[in-house]
Amino acid sequence: MIDSDEIDAVIVTTIDPFHEQYVTKAIKAGKYVFCEKPLAPTPEACKRIVDAEISAGRQFVQVGFMRRYDPGYRQLKEAISTRKYGEPLLLHCAHRNPSVDKNWDNSSAVENSMVHEIDVLRWLLGENYVSAEVRYGKATSHAPEGLHDPQVMILTTQSGVRIDVESFVCNEQCYDIKCEVVCEDAIMNLPKPATIEVLANTVRGNMVDATWATRFVEAYNIEFQEWINACKEGHVDGPSAWDGYCCQVAAAAASKARDTQTIQPVVYDEMPLFYNK
Ligand code: ISE
1314 MIDSDEIDAV IVTTIDPFHE QYVTKAIKAG KYVFCEKPLA PTPEACKRIV
1364 DAEISAGRQF VQVGFMRRYD PGYRQLKEAI STRKYGEPLL LHCAHRNPSV
1414 DKNWDNSSAV ENSMVHEIDV LRWLLGENYV SAEVRYGKAT SHAPEGLHDP
1464 QVMILTTQSG VRIDVESFVC NEQCYDIKCE VVCEDAIMNL PKPATIEVLA
1514 NTVRGNMVDA TWATRFVEAY NIEFQEWINA CKEGHVDGPS AWDGYCCQVA
1564 AAAASKARDT QTIQPVVYDE MPLFYNK
């Protein structure tokens, strides 16, 4: 199918270990390819995709980090980039899911869930990480066997911004994403989605999202429309294969940090000029 003349562009949404073969095939066929996150499970596999793209001589790959398209994150990005409120110093984030599949294990919190923060916070701040650490909270009894939930990931960027991300994926309540940016002159928070206020059972409150599919529906729509528009214009301009590689380098460091309960350095290869936009 990838080779067919009737196929203009490819979307890869298979399970993670199969991404590499389809993405590489699409590059070789000279087709734009949108690949769901993560680009591939390991930094080495991501690097092979990067090398394939460089050999092909132009960018074909976009990685499905949809949070970069969320209007709230885009507002934060604008405020951070202009330094309207000074330098960002600390970020406090949370990634809470009501439940996860029974096959989740201890690594899934970083590799499947917090990879979103690893990418979107690097994009928000415009800088790479230098170290990663993952510590455990007191374990909930609601997690599947083999998953210690909640976990806290701590990332430090090149300029010294310190980030903490709570991952609580079996909270049994709702889907909740938090991103608080502490700057020199202000504290900024990711806006909460606008929802109806409900008065029921002696409580007044706002409806909350049950899953990521509704919380980020607008981001997904914008992401796909922008990708289609760019492909029609003959380029890709979203998260690149290099971003996908950088994300997996930090994820691998965080996973090692979790397994060894140590702080791990995050060391990237030098960025090829090819990706210097
Ligand atoms: C899922 O695969 C996603 O991509 C969601 O955005 C994330 O919140 C969830 O934790 C992942 O399992």
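According to the numbering used here, the sequence shown is numbered sequentially starting from 1314.
Ideal Cβ placement from N, Cα and C applies to all residues, glycine included.
With a threshold of 7 Å (Cβ to nearest heavy atom), would residue i be considered close to ligand 1?
{"i": "GLY1540", "result": "The question names Gly, but residue 1540 is Trp in the sequence shown. No."}
{"i": "THR1562", "result": "Sequence check: residue 1562 is Val here, not Thr. The answer is no for VAL1562."}
{"i": "VAL1482", "result": "yes"}
{"i": "ASN1425", "result": "yes"}
{"i": "HIS1429", "result": "yes"}
{"i": "TRP1525", "result": "yes"}
{"i": "ASN1410", "result": "yes"}
Could you check how far apart the C-beta atoms of residue i and residue j are, in whole angstroms? I think they sit under 8 Å.
{"i": "ALA1554", "j": "VAL1428", "result": "With 8 Å as the limit, ALA1554 and VAL1428 do not qualify as a contact, their Cβ atoms being about 15 Å apart."}
{"i": "ILE1340", "j": "VAL1374", "result": "7 Å"}
{"i": "CYS1478", "j": "LEU1402", "result": "Looking at the sequence provided, one finds Val at residue 1478 rather than Cys. With a Cβ gap of about 16 Å, VAL1478 and LEU1402 do not count as contacting."}
{"i": "LEU1460", "j": "ASN1419", "result": "6 Å"}
Is the Cβ-Cβ distance between residue i and residue j less than 8 Å?
{"i": "TYR1345", "j": "CYS1560", "result": "no"}
{"i": "PRO1351", "j": "ASP1383", "result": "no"}
{"i": "SER1480", "j": "GLY1439", "result": "no"}
{"i": "ASN1484", "j": "ARG1435", "result": "no"}
{"i": "TYR1558", "j": "CYS1359", "result": "yes"}
{"i": "GLU1446", "j": "ILE1576", "result": "yes"}
{"i": "VAL1482", "j": "ALA1570", "result": "no"}
{"i": "GLY1547", "j": "GLU1536", "result": "no"}
{"i": "TYR1449", "j": "GLN1464", "result": "yes"}
{"i": "GLU1493", "j": "ILE1500", "result": "yes"}
{"i": "LYS1491", "j": "ALA1407", "result": "yes"}
{"i": "VAL1588", "j": "MET1379", "result": "It should be noted that the sequence gives Tyr, not Val, for residue 1588. No; because the gap between Cβ atoms is not below 8 Å, this pair is not in contact."}
{"i": "TRP1417", "j": "PRO1354", "result": "no"}
{"i": "VAL1433", "j": "ARG1381", "result": "yes"}
{"i": "ASP1318", "j": "TYR1398", "result": "no"}
{"i": "TRP1540", "j": "TYR1488", "result": "no"}
{"i": "VAL1562", "j": "PRO1356", "result": "yes"}
Give me the DSSP bridge partner(s) of residue i.
{"i": "VAL1428", "result": "Answer is none; VAL1428 lacks a bridge partner."}
{"i": "ASN1519", "result": "GLU1510"}
{"i": "ILE1324", "result": "PHE1347"}
{"i": "ARG1448", "result": "VAL1465"}
{"i": "PRO1622", "result": "Outside the modelled stretch of the chain, which goes from 1314 to 1590, sits residue 1622, for which no answer is possible."}
{"i": "ARG1409", "result": "PHE1481, ASP1489"}
Kindly examine ligand 3 and report whether one of its heavy atoms sits closer than 7 Å to the Cβ of residue i.
{"i": "PRO1401", "result": "With respect to ligand 3, the structure shown offers nothing to examine, as its ligands consist of ligand 1."}
* Secondary structure, beta strand (DSSP E): runs of 3+ residues fully inside the stretch 1373-1407 -> 1374-1377, all fully within the stretch 1373-1407.
* To do: Give, in chain order, every unbroken run of the alpha helix (DSSP H) that is at least 4 residues long and sits entirely within the stretch 1465-1503.
  => none
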